[in-house]
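Engineer: Numbering (our numbering), first residue to last: 418 to 933. Ideal Cβ placement from N, Cα and C applies to all residues, glycine included. Note that this is a predicted model, so its numbers are computed, not measured.
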Amino acid sequence: MSSEPKGILVVDLGAQYAQLIARRVRETNVWSKITPPALALEAAREMNLGGIILSGGPASVYAEDAPEVPKELLELGVPVLGICYGLQWMVQALGGTVSNASKREFGRTSITVARTTDLFDGVDGRTVVWMSHGDQVEKLPAGFVPYAHSETCPFAAIGQPEKGFFGVQFHPEVTHTVRGRELIQNFVWRVCELPGDWNAGSIIEREIERVHEIVGPQGEVVMGLSGGVDSSVAAVIVHKAIGDRLHCIFVDNGLLRKGERDAVRLLFGDHFHMDLTVVDASERFLERLAGITEPEAKRKIIGHEFVEVFRREAKRFQRADFLGQGTLYPDVIESVAAHGGSTAVIKSHHNVGGLPDDLEMELVEPLRELFKDEVRVIGRHMGLASAVVDRQPFPGPGLAVRCLGEITPERLAVLREADHIVTSEIEAAGAHEGLWQYFAVLLPVRSVGVMGDARTYEEACALRIVQSEDAMTADWVQLPKELLARISNRIINEVRGINRVVLDISTKPPGTIEWE
Ligand code: XMP
Numbered sequence: 418m419s420s421e422p423k424g425i426l427v428v429d430l431g432a433q434y435a436q437l438i439a440r441r442v443r444e445t446n447v448w449s450k451i452t453p454p455a456l457a458l459e460a461a462r463e464m465n466l467g468g469i470i471l472s473g474g475p476a477s478v479y480a481e482d483a484p485e486v487p488k489e490l491l492e493l494g495v496p497v498l499g500i501c502y503g504l505q506w507m508v509q510a511l512g513g514t515v516s517n518a519s520k521r522e523f524g525r526t527s528i529t530v531a532r533t534t535d536l537f538d539g540v541d542g543r544t545v546v547w548m549s550h551g552d553q554v555e556k557l558p559a560g561f562v563p564y565a566h567s568e569t570c571p572f573a574a575i576g577q578p579e580k581g582f583f584g585v586q587f588h589p590e591v592t593h594t595v596r597g598r599e600l601i602q603n604f605v606w607r608v609c610e611l612p613g614d615w616n617a618g619s620i621i622e623r624e625i626e627r628v629h630e631i632v633g634p635q636g637e638v639v640m641g642l643s644g645g646v647d648s649s650v651a652a653v654i655v656h657k658a659i660g661d662r663l664h665c666i667f668v669d670n671g672l673l674r675k676g677e678r679d680a681v682r683l684l685f686g687d688h689f690h691m692d693l694t695v696v697d698a699s700e701r702f703l704e705r706l707a708g709i710t711e712p713e714a715k716r717k718i719i720g721h722e723f724v725e726v727f728r729r730e731a732k733r734f735q736r737a738d739f740l741g742q743g744t745l746y747p748d749v750i751e752s753v754a755a756h757g758g759s760t761a762v763i764k765s766h767h768n769v770g771g772l773p774d775d776l777e778m779e780l781v782e783p784l785r786e787l788f789k790d791e792v793r794v795i796g797r798h799m800g801l802a803s804a805v806v807d808r809q810p811f812p813g814p815g816l817a818v819r820c821l822g823e824i825t826p827e828r829l830a831v832l833r834e835a836d837h838i839v840t841s842e843i844e845a846a847g848a849h850e851g852l853w854q855y856f857a858v859l860l861p862v863r864s865v866g867v868m869g870d871a872r873t874y875e876e877a878c879a880l881r882i883v884q885s886e887d888a889m890t891a892d893w894v895q896l897p898k899e900l901l902a903r904i905s906n907r908i909i910n911e912v913r914g915i916n917r918v919v920l921d922i923s924t925k926p927p928g929t930i931e932w933e
C-alpha cells in the first residue's frame, strides 16, 4: 500500500474527458489518478483505492476495437461509477445488455430523477445533463435499479447501491451538466465515503520527501529555469528538499520580454537564494536566426540551440546526475497512454523544454502528479508572487514567434517595448483577470502614417488578447475602447518603428493563439 492518500482511480476509456473527471474529483478534495485500462488493475492494487470511475469513450461495447477493461475491477470491493461507455461496459460485464439507441441523444438533455438517494442525494426533479451517445442500456443487470430517465433513454442513470455500483449515460464532468459536480461529490463523499481532506497544498511535503528519496543524501540536480510557473514551482520544491545541491540554469536566448532576465535573477537568486547561473546566449541565438523568416525553421533553430547551450552549461556541474523538470500530470498521462499496452513500461515524459534522452540523467519531476491549476495553488502556498504564479503562458521560442519576418535585434527591441505597453496597461487597468494571454505581435508590413507634419513609413503591430480554458480553443476579447485607445496611442507615440496598431479578432480554431 502506498503512502498516497486514499483516492479515486479514473480509468481512461478513450474519451478526452478522463482528465476532466480526475480534476473534478480533486475539486471535491479527494485525490485521484488516471490510468489506461491495460494498466488499471496494477494501478488499482498499487494505490490506496477508495473507488473507481470508468470514463466515457468513443467506442461501442460491441466494436472489435472496444477498449478491454479488466473485469476484476468489479471485484475489488470498492464502489464503481461508470460514465457513458463506462456504464455500458459495466452493464455488459455484469450480465445486462446494451443496444443501439433508436434515437441518438446529443447535447443538453433533460432527465427526470426517480431516486434521490446515494448518487442523487439532494438532486431531485428534472435537471439538464450533457448526453453524447448512440448506444444505450437495454436490460439492467441483476440487482440494478433505475435512478433517472430521459425522454428516449429509460436508464439515464442506474445503480446497485449495496455494491456501490452506479452508472450514468450522461457526462457529469462537463459544466453543461448542471448538477454534475454534486453527482461527482456524492459519489466520492457518500458512496465511496472518502473524507474530502486532500488539497494540492498537502502534496508539497510528500514531493519534498520524494525528491529526497530519489536524489539521496549526496546527489545534485541541474534544472533549466524558464521563469514560467511550472519550472519555477518545481525548482522551489527541489530547492526546499536539497538546498544548494540544486543548480538552476536560466538561458537568455535574446528572445525574452522586457525585464524578464532581471526578474528571474531577483526572485530565484536574491529572494530564494538558489544557485542560479544566468547564461547570456542571446548573441549566439540571434546569429543563428539571422535571415530566417520561416516559422518552423525558427522554432527548430531555437530548440537546437537551447539544447546545445544547456548541455554545455550542465556539464559544469559534473557531480549532478539528476535533471529537474516541471513536467505536469497531463504530459505524464499522455506519455503513459502512448505506451499503455498490456506490456507497457511507463516511461518518463521529457518536458516540452525539448531536452533529449541522451543527457543520461535521471529525472526529478516534482509536479508530475499535478494539474496546472494545482501547481498554481502550490506556488502560492510556497510564497511565489502572483507575478510568477498567475503569469500568462509564454512560448519556448519566445518573441521569435511574435516577430514575424526577419528577427533582428532592432525589431526585437521594438516588439519588446510595444509588448511591455500592452501588458502593463492591461494589468494596470485590472483587465487581465480572466484573460489567457495578451501580447503584441510585430508585423513585417509597412504602411504610411503622419506624425506631426512628417510622413512616416513604419511597421504595424497586432494586439492578440484571448480567453481560453486550455489553449486548445480560444476566443478574442473585446477590451474597453478607452483601454485599447490608450495602448494604441502609447505604442504609436512611444515606440519608434511602429506607426499602426491593429486588433486580431480571430478565434482558435481556425486561427492559433501565436502568429507563428
Ligand atoms: P497556439 O499558437 O498553438 O498556442 O494556439 C497554444 C498555446 O501554446 C503556447 N505555445 C507554446 N508553448 N512552446 C511552448 O512552451 C512552444 O513552442 C509554443 N508554441 C505555442 C502559446 O503561447 C499558447 O498558450
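Helix, strand or coil for V632? Go by DSSP, reduced to three states.
Structural biologist: helix
Engineer: In or out: T594 buried (at least 16 other Cβ within 10 Å) or exposed?
Structural biologist: buried
Engineer: How do the stretch 539-555 and the stretch 578-597 stand: do at least 3 beta-carbon pairs fall below 8 Å, yes or no?
Structural biologist: yes
Engineer: Kindly list the residues whose CB is nearer than 8 Å to the CB of P475, restricted to its own chain and excluding five residues on each side of it in sequence; keep chain order.
Structural biologist: G431, A432 and Y502
Engineer: I'd like to know if the stretch 698-717 and the stretch 647-665 are in contact, where contact means that at least 3 CB-CB pairs between them fall below 8 Å.
Structural biologist: no
Engineer: I need the straight-line Cα distance from L504 to R785, nearest angstrom please.
Structural biologist: 29 Å
Engineer: Would a C-beta distance cut-off of 8 Å place L896 and I908 closer than the cut-off?
Structural biologist: no
Engineer: Please find out if some non-hydrogen atom of the ligand XMP comes closer than 7 Å to the beta-carbon of R716.
Structural biologist: yes
Engineer: What runs of the alpha helix (DSSP H), each 4 residues or longer, lie entirely inside the stretch 564-605?
Structural biologist: 597-602
Engineer: Please state if the CB of E522 and the CB of T569 are separated by a distance shorter than 8 Å.
Structural biologist: yes
Engineer: May I ask you to check if the CB of Q742 is nearer than 7 Å to at least one heavy atom of the ligand XMP?
Structural biologist: no
Engineer: Write down the C-beta distance between A455 and L426 rounded to the nearest angstrom, noting that I regard them as a contact closer than 8 Å.
Structural biologist: Rounded, the Cβ-Cβ distance is 14 Å, inconsistent with contact.
Engineer: Taking its Cβ as the centre, do 16 or more other Cβ atoms sit within 10 Å of H688, making it buried, or is it exposed?
Structural biologist: exposed
Engineer: Does the beta-carbon of I930, which I'm using as the reference point, lie nearer than 7 Å to any heavy atom of the ligand XMP?
Structural biologist: yes
Engineer: To which residues of the same chain is A435 closer than 7 Å at the C-beta, ignoring the five residues directly before and after it?
Structural biologist: V427, D429, I451 and S472
Engineer: Could you please give the first and the last residue of the uninterrupted alpha helix (DSSP H) stretch that includes P712?
Structural biologist: P712 to K732
Engineer: Roughly how many angstroms separate the alpha carbons of N906 and A846, rounded to a whole number?
Structural biologist: 16 Å
Engineer: In its own chain, which residues sit with a C-beta less than 6 Å from the C-beta of S527, not counting the 5 before and 5 after it?
Structural biologist: R543 and V545
Engineer: Hey, G467 and G424: beta-carbon distance below 8 Å or not?
Structural biologist: yes
Engineer: Quick one: Cα of Y874 to Cα of L776, how far?
Structural biologist: 49 Å
Engineer: Skipping 5 residues on each side, what residues in its chain have a beta carbon closer than 8 Å to that of A518?
Structural biologist: If you ignore the 5 residues before and after A518, its C-beta comes within less than 8 Å of the C-beta of H550, G551, D552, Q553, T569 and C570, all in its own chain and listed in chain order.
Engineer: If you check the beta carbons only, do F583 and L498 fall under 8 Å apart?
Structural biologist: yes
Engineer: Buried or exposed: K764, going by 16 or more other Cβ atoms within 10 Å of its Cβ?
Structural biologist: With a pLDDT of only 37 at K764, under the threshold of 50, the placement of this residue in the model should not be trusted; the figure read from the coordinates follows. K764 comes out exposed.
Engineer: So is the beta-carbon of A888 under 7 Å away from any non-hydrogen atom of the ligand MG?
Structural biologist: Ligands present in the displayed structure are limited to the ligand XMP, and the ligand MG is not among them.
Engineer: Hey, out of S449, S841, R736 and K657, whose CA is closest to H798's CA?
Structural biologist: K657
Engineer: Rounded to a whole number of angstroms, what is the C-alpha to C-alpha distance between D887 and P927?
Structural biologist: Computed Cα separation, rounded: 16 Å.
Engineer: Got a sec: does the ligand XMP put a non-hydrogen atom nearer than 7 Å to the Cβ of Q854?
Structural biologist: yes
Engineer: Would you check if there are 3 or more beta carbon pairs closer than 8 Å linking the stretch 908-927 to the stretch 835-843?
Structural biologist: Touching, per the Cβ criterion.
Engineer: Output the boundary residues of the beta strand (DSSP E) element that contains Q884.
Structural biologist: A871 to Q884
Engineer: How about G641: is its Cβ closer than 7 Å to a heavy atom in the ligand XMP?
Structural biologist: no
Engineer: Over the uninterrupted alpha helix (DSSP H) stretch that includes K556, give me the two end residues.
Structural biologist: No alpha helix (DSSP H) contains K556, which is instead part of the beta strand (DSSP E) from R543 to K556.
Engineer: Determine the DSSP secondary structure at P861, reduced to helix, strand or coil.
Structural biologist: strand
Engineer: Taking a contact to mean a Cβ-Cβ separation below 8 Å, would you say I469 touches I438 in this structure?
Structural biologist: no
Engineer: By Cβ distance below 6 Å, which residues in the same chain neighbour D892 in space, the five residues on each side in sequence not counted?
Structural biologist: Q884 and T924
Engineer: With a threshold of 7 Å, establish whether the CB of G815 neighbours any heavy atom of the ligand XMP.
Structural biologist: no
Engineer: Since V724 contacts A698 with CB under 8 Å, what's their CB separation in whole angstroms?
Structural biologist: With a Cβ gap of about 12 Å, V724 and A698 do not count as contacting.
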